[in-house]
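Reading through the structure tokens given below for one structure.
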Amino acid sequence: MAQALHVPVMAWSVPAGFASPAEDYIERRLDFNDLLVDQPDATFVVRAKGRSMEKARIYDDALLVVSRAITARHKHIVVAVVDGEFTVKRLWREDGVTRLVAESDDFPDIEFSEGQTLEVWGVVKWVLNRAPD
Amino acid sequence: MALVDCNNFYVSCERVFDAKLIGRPVIVLSNNDGCAIARSAEAKALGIKMGDPWHQMQQLAKQHGIVARSSNYVLYGDMSARVVSILRTFAADVEVYSIDESFLDLGNMPIADLRAHGRAIVQRVQQWVGMPVCVGIGPSKTLAKLANHVAKKTPRLASVCDFGRLSPEQLMKVLDRIEVGDVWGVGRRLSVRLGVDGIKTAGDLARADTEKIKRQY
């Protein structure tokens, strides 16, 4: 399981044209831990597989920054455990009914009836989709 | 002083990332020898002992669906660091005793309810890391460790035992129910010698003359 990454990056946005005159005055590099991680002890990185969440812009092989420190709410995208397996879905809690909704027309939602337990493993905070090569 | 330790640490680490292992007999194997270096409660119940070689339990494994995992020290180290980091927010000072045990100095912290503090530790570590722990609280490290042992063995205590709540009489009653071999620092050979001299429980040890114990053992 990958840990949150520490990568120094230039702290200003680079227009696709010319260099910034501030180039010589770098004071602080952007730290992805500061940017992406609120609670390091409760944060894990998970790789998404498959296409069931494409409408939520989570594509195959995306890296998900997941926090176990947040209590999951209606409409949160979560990592859940269903029948012992991990899955990434949108949590739907309405009128006493709990569902895990797939964000794709090709994948079914998962419904939970009385007595069936849904275990939310963590809440997805950030989705990192790699730009196509 | 509190002693916080993780339940079945290596197995629990594996279970955080594979929920199918929960409730099943699981062992973690050493790298070269393929011997059991950790066992889940279900595996212990099947009689598997520390150091038992994996190739010798194939029959048992097939019969009971025992799952063996190769040790993953990178994972265990990371999970341990997370737990310790969380514990630091609950104590004035943390002494990391082993990969899965730490002493917390609750020092002069204004804690109204030590048991509630212990429960808060258990809940946060469970939620943030998925790791089940037990908390033992007492006026000394030895008593904190004994309290932790009681917390582990007594489900109705919900993983937290605070010896500070007990009167001296109540504490002695609890210590009388603990075997002297379970006391921190008393190994098998020492417990046999103590037993010969009539010291069979932690209570017996507590009542024994301190100077005499120091000299003889």
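Residue numbers (my numbering), protein chains in the order written: chain A, -18 to 114; chain B, 2 to 218.
Heads up, the beta-carbon is just placed ideally off N, CA and C, and yes, glycines get one too.
| message | Short of 8 Å Cβ to Cβ, which residues in the stretch 120 to 152 of chain B face chain A? | response | The stretch 120 to 152 of chain B vs chain A, Cβ under 8 Å: Q128, W129, V130, G131.
| query | How should V193 of chain B be labelled, buried or exposed, when 16 other C-beta atoms within 10 angstroms of its C-beta is the threshold for buried? | reply | Under this definition V193 of chain B is an exposed residue.
| Reference M34 of chain A; option with closest CA among A:W102, A:R54, A:P113, A:D90 | Nearest to M34 of chain A by alpha-carbon distance, out of A:W102, A:R54, A:P113, A:D90, is A:D90.
| What's the call for D114 of chain A, buried or exposed, on a 16-neighbour Cβ count within 10 Å? | The residue is exposed, with fewer than 16 neighbouring Cβ atoms inside 10 Å.
| task | To the nearest angstrom, report how far apart V5 of chain B and A113 of chain B are at their CA atoms. | result | In this model, V5 of chain B and A113 of chain B are separated by some 19 Å (Cα to Cα).
| query | Contact check, I39 of chain A vs V108 of chain A under 8 Å by CB: the rounded distance? | reply | For a cut-off of 8 Å, the C-beta gap from I39 of chain A to V108 of chain A is around 5 Å, short enough to register as a contact.
| query | For the beta strand (DSSP E) that contains A39 of chain B, what are its first and last residues? | reply | Per DSSP, A39 of chain B belongs to the beta strand (DSSP E) from 37 to 40.
| said: Which runs of the beta strand (DSSP E) at least 3 residues long sit entirely within the stretch 11 to 60 of chain B? Give them in chain order. | reply: Runs of the beta strand (DSSP E) spanning 3 or more residues and lying entirely within the stretch 11 to 60 of chain B occur at 27 to 30, 37 to 40, in chain order.
| message | Three or more C-beta pairs under 8 Å: does that hold for the stretch 10 to 18 of chain B against the stretch 27 to 41 of chain B? | response | Judged by Cβ distances under 8 Å, the stretch 10 to 18 of chain B makes contact with the stretch 27 to 41 of chain B, as three or more pairs qualify.
| How many Å lie between G137 of chain B and V151 of chain B at the Cα? | Looking at the two C-alpha atoms, the distance is approximately 8 Å.
| Taking Cβ positions only, does Q62 of chain A come closer than 8 Å to chain B? | In the sequence as displayed, the identity of residue 62 of chain A is Val instead of Gln. It does: the Cβ of V62 of chain A has a partner Cβ on chain B nearer than 8 Å.
| field | Uninterrupted beta strand (DSSP E) stretches inside the stretch 113 to 161 of chain B (no shorter than 3 residues) | value | Segments of the beta strand (DSSP E) lying fully in the stretch 113 to 161 of chain B: 134 to 138.
| query | Who are the neighbours of I87 of chain B on chain A, taking C-beta pairs under 9 Å? | reply | Simply D22, A23.
| task | With 7 Å as the C-beta to C-beta threshold (strictly closer), list the residues of the stretch 13 to 34 of chain B near chain A in chain order. | result | Within the stretch 13 to 34 of chain B, the residues whose Cβ lies closer than 7 Å to some Cβ of chain A are F18, A20, K21, listed in chain order.
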